[in-house]
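**Q** I'd like to ask some things about the structure below.
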């Protein structure tokens, strides 16, 4: 009986206590944490802006390519069978 109690006490004492555990947010100075969050927001905005600029550039290039197509290319892309109109 005494042996079982001792084993149970050993098991309980071996468990890490989560009540006193500090998270990374608790350990980092609030000022530094605010700077990191601000930097994260700035980087995400810069990434969004870069993505939008790339998309606009691709759209412009598509329009330019469509504009500069020759008559032959336009006929080849046409779905209408022009042989029926001869």
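Numbering (the numbering used here), first residue to last: 54 to 139. Note that beta-carbon positions come from the ideal geometry of N, C-alpha and C, so glycine has one too.
Since residue 92 is in the alpha helix (DSSP H), which residue starts that stretch and which ends it?
**A** Unbroken alpha helix (DSSP H) run through residue 92: 83-120.
**Q** Alpha carbon to alpha carbon, what distance is there between residue 83 and residue 74?
**A** Spanning the two alpha carbons is a distance of roughly 18 angstroms.
**Q** Just the C-alpha distance for residue 98 and residue 91, rounded to the nearest angstrom, thanks.
**A** Approximately 11 angstroms, taken between the alpha carbons.
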